[in-house]
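**Student:**
Residue numbers (the numbering used here): 3 to 295.
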């Protein structure tokens, strides 16, 4: 890889673990010594603090303050010593190059058949979990509608004191949305090149550069990930509510809830994509190592 990358999602634990597995340990600091007669490079482990994600900071701490550069002059010549510290992104850059060199990383193209366990890389436009996106949109639109709701002057106090129908609907939608976001994982969806397959990308929210995903949704990014499941035809699907309490509901109740949400969109005039609990095959499910531009 020659181009510089900008990660918007980087699972630092996976990056450090894979580097350590492939190299028999992890080098986070490179010591460089130079003189007029000698150029010597060596690597050693770091030991202080660096601005890593909180989920990883207890395992390894590196400190940019450890950066140092010294120059010694004597009668025999000039010697320079400096330490260069890797960041999580620079280590991922190295990791990707290693996977490419070892022919471990597969590039997804039309008619490719990724299997569970494969490391793959593909470029795609990402979208939020369509269920969460629909509920977020419903809630925001209803909140906007409530601000413009005008109470008639001839409505008695007892009636006006009651919450409006829209307010009740909004609370129900917010409660449903909250139950979907309890877990620290969130699904993104994407269509792979040439529309031959879809992907469900299960992210850990701790490693998002923006928890609101405003810089990620609907953007075109490269995804490097490990495949965990493949569904090759439309007779099967991957559930978007599999890790939530809602998934425990009987199917007929889920069908009624989906119908109610879709009818709400039509009856209130909201332009919201149709709600669906599943992504039908062909589809793959992956754990992303990094999402980057």
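For each residue, glycine too, the CB sits at the ideal point set by N, CA and C.
1) In chain order, what residues of the same chain lie with their CB nearer than 7 Å to the CB of residue 247, ignoring the 5 residues before and after it?
2) Note down, one range per segment and in chain order, each beta strand (DSSP E) of at least 3 residues found wholly within the segment 178-220.
3) Identify, in the order they occur along the chain, each residue of the same chain with its Cβ nearer than 7 Å to the Cβ of residue 177, setting aside the five sequence neighbours on each side.
4) Just verifying my parser: in three-state terms, what is the DSSP assignment at residue 128?
5) Per DSSP, residue 167 forms a beta bridge with which residues?
6) Given residue 185, which residues of its chain have a CB within under 8 Å of its CB, disregarding the five upstream and five downstream residues?
7) Thinking just about the alpha-carbon of each residue, which of 95, 139 and 28 is nearest to the one in residue 7?
8) Could you check if residue 291 is buried or exposed, using at least 16 other CB atoms within 10 Å of its CB as the buried criterion?
9) Helix, strand or coil for residue 93? Go by DSSP, reduced to three states.
10) Note down the Cα distance separating residue 251 from residue 261, rounded to an integer number of angstroms.
11) Can you tell me whether DSSP reads residue 19 as helix, strand or coil?
12) By Cβ distance below 7 Å, which residues in the same chain neighbour residue 264 in space, the five residues on each side in sequence not counted?
13) Taking DSSP as the reference, what is the three-state secondary structure of residue 86?
**Tutor:** The answer reads as follows:
1) Within the same chain, residue 247 has close Cβ partners 181.
2) Listed in chain order, the beta strand (DSSP E) elements of length 3 or more contained wholly in the segment 178-220 are 187-193 and 200-206.
3) Within the same chain, no Cβ atom closer than 7 Å to the Cβ of residue 177 is found once the five residues on either side in sequence are excluded.
4) Note: residue 128 maps to strand in three-state DSSP.
5) None, per the DSSP bridge assignment.
6) Closer than 8 Å at Cβ, skipping near neighbours: 245 and 246.
7) Here the closest residue by C-alpha is 95.
8) A residue is called buried once 16 or more other Cβ atoms fall within 10 Å of its Cβ, and residue 291 is buried on that count.
9) Looking at residue 93 - three-state DSSP - the assignment turns out to be helix.
10) Approximately 15 Å between the Cα atoms of the pair.
11) Secondary structure at residue 19: helix, using DSSP grouped into helix, strand and coil.
12) Spatial neighbours of residue 264 in its own chain (CB-CB distance under 7 Å, excluding positions within 5 residues in sequence) are listed in chain order as 276 and 277.
13) Looking at residue 86 - three-state DSSP - the assignment turns out to be strand.
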